[in-house]
Each structure stands twice: as C-alpha cells, then as structure tokens.
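Residue numbering for the sequence shown follows full-length UniProt numbering, beginning at 1 and increasing consecutively. By construction, the Cβ of each residue, glycine as well, lies at the ideal position given by its N, Cα and C atoms. Written out below as structure tokens is the structure these notes cover.
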Amino acid sequence: MAVHRVAVLALDGVIPLDLAIPAQIFSARPETPYEMTLCALDATVATTAGFSLTADAGLAQLSAADTVIVPGAEPIPRLPDAVLGALAEARDRGKRVVSICTGAFALAAAGVLDGLHATTHWQHIDELERDFPEVTVDRDVLYVDEGDVLTSAGVCCGIDLCLHIVRRDLGAVVANRIARGLVAAPHRDGGQAQYVPAPVAVAGDASLSATRGWALERLAEPLTLRLLARHAGLSQRTFIRRFTEETGTTPLRWLLNARLGRARELLETTGRPVDRVARDCGLGTAANLRLHFRRALDTTPTAYRRTFQRASDPREPEPAR
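In structure tokens, the structure reads:
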C-alpha cells in the first residue's frame with residue numbers, strides 16, 4: 001500500500017482527547033498505510049488540560065499531506081491568516097480535509113465549508129450556523145461526509161468519523177479490527193441529539209444493550225420488532241421509544257445497518273457467493289442486498305468485494321455439504 005500522509009493540525013487550546021483520537025487511529029500499523037505527523041503554527045502548543053505539546057512540523061507539512069485533520073480547541077480561537085491560508089490551500093490542492101468537534105470553525109473560517117453540509121459539537125451548533133451562513137449545518141448527526149471534506153460532532157464522535165475514514169480507505173475488516181483495539185463501536189447509528197441533556201437519563205440497568213447484543217448474534221434470522229420487544233420485556237411502542245432515545249435511531253434502521261456491516265465483512269473475508277452473503281447477514285436475497293448497498297454505499301456488493309478483498313487475505317473455506 002502506498003503511504004498515506006496524515007497531518008493533524010493542533011491549534012492553540014487544542015482539546016487533548018480530540019487530538020488523541022486521530023493520533024491513535026492513524027498511527028502506523030502493519031495493515032494500514034498511514035503515516036501521521038503532528039503540525040502546528042508554533043513548535044509548542046497549549047492544551048485545555050494545562051500541559052503543552054511539541055509539534056513535529058509546521059504548516060508546510062499540510063501541503064505534503066494527503067489528509068489534514070483539525071481537532072477542536074477551546075475557546076474557539078481567532079486564527080491567524082497563515083493558518084487559514086494553509087487550510088484553504090490544502091483544500092484547493094485536493095487534499096482531504098477533516099475536522100473534529102469545534103475544529104469545524106477553523107475549516108469554516110478558511111472557507112473550506114462554504115456551500116457544504118457540516119456539523120460540530122451540539123453546544124456550538126447555533127454559533128456555527130450564525131457565524132457562517134454559507135455553511136449548511138446538520139444538527140443531529142455524528143459526522144458529515146462531503147467527499148473530501150468531513151466534519152464530526154463533539155469529541156468522541158471523532159472516533160466515529162476516523163473509523164469511517166478507515167472504512168472508506170481500507171474496508172470494514174481493518175476498521176473493525178482497529179475499533180476492537182480501541183474497545184469502541186465499529187459503527188454507531190443515530191445522531192448527537194441522544195447526548196443532549198434530557199430531563200430523565202436512561203438508567204444503566206434499563207439499557208437495551210443486551211437486546212442489541214442478542215440481535216447481533218442472530219442477524220441471519222428473521223428478526224422482527226415484536227421479537228426484539230419481547231426479548232427486552234417491553235411493549236412494542238415502549239421499546240421503539242426507549243430504543244430511539246438510547247441510540248438516536250429506530251430499531252429497524254439499526255438492524256439494517258448492522259446487517260450491512262456484517263455483509264461488508266463477509267464480502268471482504270470470505271469467498272461466499274453474493275446470494276449466500278445476503279442470506280447469512282439477514283437481507284434475504286442478492287437483489288435486496290444490491291438494493292441496500294446501492295442506497296447506503298453507492299456501489300454493488302461485487303464492486304465492494306473487488307475493492308477491499310485482497311489476494312493475500314485468508315479465505316473462509318466453504319463447509320462440506
């Protein structure tokens with residue numbers, strides 16, 4: 001794999017967790033092509049945690065990178081022209097430009113987000129919308145993918161976005177392997193509205209995580225809303241309400257995305273025919289699998305397999321008949 005250079009730009013007052021997310025996910029691994037460099041306007045950068053960081057490189061590294069990532073900073077800084085110009089130039093040169101949390105303000109100030117959809121931490125959504133009317137702000141999403149410009153909501157949503165980038169670059173298997181190492185969800189459904197403070201929080205012992213785990217072990221089976229609600233010991237109406245409050249998405253939408261994720265792994269790691277992949281992930285027929293792949297990923301199962309299945313990967317043998 002050709003080296004893919006990732007430049008993480010630390011602004012003054014950078015949030016350490018925002019910075020640590022891309023630093024961890026895009027660190028060098030045998031199965032990934034990423035080479036990460038910490039960049040900054042000055043050699044030393046103050047953080048919100050009270051300690052300082054030493055950057056490996058200056059703004060010039062942004063022009064040499066393939067992907068530029070801007071973590072959030074607090075308070076949202078007024079950026080010098082040198083930083084804004086470097087970000088605008090990176091975008092003009094066709095680099096992939098990414099923000100985590102309030103890093104979206106830097107991209108917006110540089111004009112990178114003009115005419116695009118974007119998001120940021122829910123506490124700063126109104127501010128982004130007010131200060132940058134050229135940007136269409138999406139309020140209830142974990143991240144926004146506009147091709148070569150991507151933005152994430154608050155803090156930990158940066159994990160979702162960075163894993164999404166890995167999934168785009170290298171496929172679901174590599175992204176899932178990295179997620180397991182982080183003990184993070186490979187893919188979370190729903191939006192950041194589920195994290196806005198609510199009058200009554202969901203108690204830990206009332207969580208529906210056990211039902212979601214039960215469903216993930218039975219994706220090939222005909223799971224219905226009635227079966228899911230029965231496993232949770234709730235009426236269907238209460239189950240739908242609780243599930244949506246807890247995950248930010250409906251039970252059936254969550255189930256569809258889980259089945260698509262399973263299909264992606266099977267296409268990457270096995271030689272099973274497409275119709276069998278469809279059955280094994282619970283989508284029934286090859287035609288149904290193709291329909292949902294086209295809607296969700298704008299590709300076909302066969303094209304996806306061709307892109308992400310490597311000749312050196314072990315193939316799962318077919319069972320004896």
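So Leu-17 and Val-149 are in contact, right, with Cβ under 8 Å, and what is the actual spacing, rounded?
Going by Cβ atoms, the distance from Leu-17 to Val-149 rounds to 22 Å, so no, they are not a contact pair.
Return the first residue and the last residue of the beta strand (DSSP E) that His-292 is part of.
Premise fails: His-292 lies in the alpha helix (DSSP H), 286–297, not in any beta strand (DSSP E).
Alpha carbons only, please: which of Val-277, Leu-256, Leu-255 and Trp-254 is nearest the one belonging to Glu-265?
Val-277
Evaluate Ala-82 with the Cβ neighbour count: other Cβ atoms within 10 Å of its Cβ, from every protein chain shown; 16 or more gives buried, anything less gives exposed.
When all chains shown are included, Ala-82 counts as exposed.
Which word fits Val-3, buried or exposed, when buried means at least 16 other C-beta atoms lie within 10 angstroms of its C-beta?
exposed
For the region 45–80, which segments carrying the alpha helix (DSSP H) assignment without a break, of at least 4 residues, lie completely within its bounds, in sequence order?
60–64
Given a threshold of 16 other Cβ atoms within 10 Å of its Cβ, counted over all protein chains shown, does Arg-212 qualify as buried or as exposed?
Buried, because 16 or more other Cβ atoms sit within 10 Å of the Cβ of Arg-212.
Residues in its own chain within less than 8 Å of Arg-226 by CB, not counting five upstream and five downstream?
Gln-236
Exposed or buried, what is Arg-218 when buried is set at 16 or more other beta-carbons lying within 10 Å of its beta-carbon?
exposed
Pull up the DSSP beta-bridge partners for Leu-150, would you.
Val-98 and Asp-145
According to DSSP, is Cys-157 helix, strand or coil?
helix
Starting from His-4, trace the beta strand (DSSP E) both ways and give me its first and last residue.
Judged by DSSP secondary structure, His-4 falls within the beta strand (DSSP E) whose first and last residues are 4–9.
Within the same chain, show all residues whose beta-carbon is closer than 6 Å to that of Tyr-304, passing over the 5 residues directly before and after it, in chain order.
The residues Leu-267, in chain order, have a CB closer than 6 Å to that of Tyr-304 in the same chain once the five nearest residues on each side in sequence are set aside.
State the DSSP-derived secondary structure class of Leu-225, mapped to helix, strand or coil.
helix
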